[in-house]
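Residue numbering for the sequence shown follows full-length UniProt numbering, beginning at 1 and increasing consecutively. Glycine included, every Cβ here is placed at the ideal spot set by N, Cα and C. Since the structure is predicted, the reported quantities are computational estimates derived from the model, not experimental observations.
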Amino acid sequence: MTSDMKLRITTYNIHKGVSSFGARPRIHALKQAINAMQADVLFLQEVQGRHDLHALKHATDWPELSQQDFLAGDSHQCAYGMNAVYDHGHHGNALLSCFPILSSSNRNISDHKYESRGILHCVVRAPEAEVHCYVIHLGLFAGSRKRQNEALIEAVSTTAPPDAPVIIAGDFNDWGNQLSEELRARLGVTEVFDENISRRGFGTYLRQLSGRGTKIQPARTFPAAMPFLQLDRIYVRGFKVESAEVLHGKIWAKLSDHAPIVASLALK
C-alpha cells in the first residue's frame, strides 16, 4: 500500500542571523524567508540561542526570544542543540517542526577545542510515521569530518530502528564529497540530489565509456550569491524524493553565506 504522507523540508545554515559583512541583524528578514518556504520541518545550523552583545547593540532589531523560538513562531515547535558556548551567549543547531517533537537530544561530537560541534536528534510525530531527524554541522578539517561522520553513523545506527524513516540534514563542510559513499553504504540513505543528475555532457559520455556510470554529486550551496562549493546536504531513508532545489541569488545572499536546500519527500 502506498503512503500519502508528504513532507516539505529544508536545511539552512543561517549564519547566526547576521549578515556576512558587518554582522548586521538579518533575523527578521530570515523569518520572512523561512515562512515563505512553507516547510514542515526545518534543519537549521548556526542558530544563535543567545547573544548579549547583539541584543544590546541592536535593541530594536534583535528579538527578545532566542532565534529558534523566534523563527518557530506559533506555527512550529522547536528543539535546540547548544554547541558553542561563550561569555556573551551560545549557538548551535535547531529543528523546527509543524508536527509534534516527541523527543530531542544533543550529542557532542567536537573533535578539538577550537570547534564545537553536535548532532541534534529529534523524533517527530508526522501523520503516518515517527521520523528520526538529525541536524548536523561538521568541522572545517577533513580528519575531523571523517571522525564526526563515524559518530553520525553510530548515532543513527543506535537511535533509529532499522525500518524507521530517517532524515539527516545540515552543513557537512564536505566540499570534496568524501563522506557520502560511507553514509549510503552503512545507513542505506540517499542524498536528495542523487537522482537529479544530468545524463548528458562529454564527462558523462567518458564515464559511461569507461564503465563508471554517472557521477553522483550534491548540489552547490556556498556562497549563496553564486554557489560553487557543495557544503549542505539532505540524506533520507524511507522516503521518495519528489523534488529538490537550492534557493540562491541576490536576495538569499543578503540573508546568509549559505543557500538553503528545499526538498519535497513522500513516505515510501
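Per DSSP, cross-strand counterpart(s) of residue i
| i | result |
| --- | --- |
| Asp171 | His137 and Asp232 |
| Val41 | Ile9 and Ser97 |
| Leu120 | Asn106 and Val135 |
| Arg50 | His90 |
| Val166 | His132 and Arg237 |
| Val18 | Pro25 |
Local conformation of residue i per DSSP, three classes
| i | result |
| --- | --- |
| Ile9 | strand |
| Phe239 | strand |
| Glu128 | coil |
| Leu247 | coil |
| Ala263 | strand |
| Thr190 | strand |
| Glu150 | helix |
| His112 | strand |
| Gly176 | coil |
| Glu195 | coil |
| Asp257 | coil |
| His28 | helix |
| Asp61 | coil |
| Thr204 | Residue placement at Thr204 is poorly supported in this model, since its pLDDT is 46, which falls under 50; the coordinates still yield a value, given next. Here Thr204 sits in helix by DSSP. |
Under 8 Å between C-beta atoms of residue i and residue j
| i | j | result |
| --- | --- | --- |
| Gln38 | Arg8 | yes |
| Thr159 | His112 | no |
| Leu183 | Val192 | no |
| Glu181 | Leu140 | no |
| Pro165 | Ala219 | no |
| Asp4 | Cys98 | no |
| His117 | His137 | The sequence given here has Arg at residue 117, not His. Yes, Cβ-Cβ distance for Arg117 and His137 is below 8 Å. |
| Ala155 | Ile119 | yes |
| Leu96 | Ala126 | no |
| Lys254 | Arg26 | yes |
| Ile216 | Ala244 | no |
| Ala259 | Pro227 | yes |
| Phe43 | Gly170 | yes |
Inter-residue spacing [alpha-carbon to alpha-carbon] between residue i and residue j
| i | j | result |
| --- | --- | --- |
| Pro63 | Ala224 | 24 Å |
| Trp252 | Ala33 | 9 Å |
| Lys16 | Asn93 | 10 Å |
| Ser75 | Ile101 | 13 Å |
| Asp163 | His88 | 43 Å |
| Met82 | Gln48 | 9 Å |
| Lys240 | Gln230 | 22 Å |
| Gly143 | Tyr134 | 21 Å |
| His28 | Tyr12 | 15 Å |
| Ser256 | Leu152 | 25 Å |
| Gly176 | Asp232 | 12 Å |
| Glu195 | Ala263 | 13 Å |
| Val246 | Lys57 | 33 Å |
| Leu267 | Ile168 | 15 Å |
| Asp174 | Pro161 | 27 Å |
| Lys6 | Asn35 | 18 Å |
| His51 | Gln68 | 13 Å |
| Ala79 | Tyr235 | 20 Å |
| Leu179 | Arg24 | 34 Å |
| Gln77 | Arg147 | 31 Å |
Residue i beta carbon near the ligand FAD (any heavy atom closer than 7 Å)
| i | result |
| --- | --- |
| Asn108 | Judged by which ligands are present, the structure shown has none, so any question about the ligand FAD falls away. |
Whole alpha helix (DSSP H) elements within the segment 65-109, 4-residue minimum: 67-72
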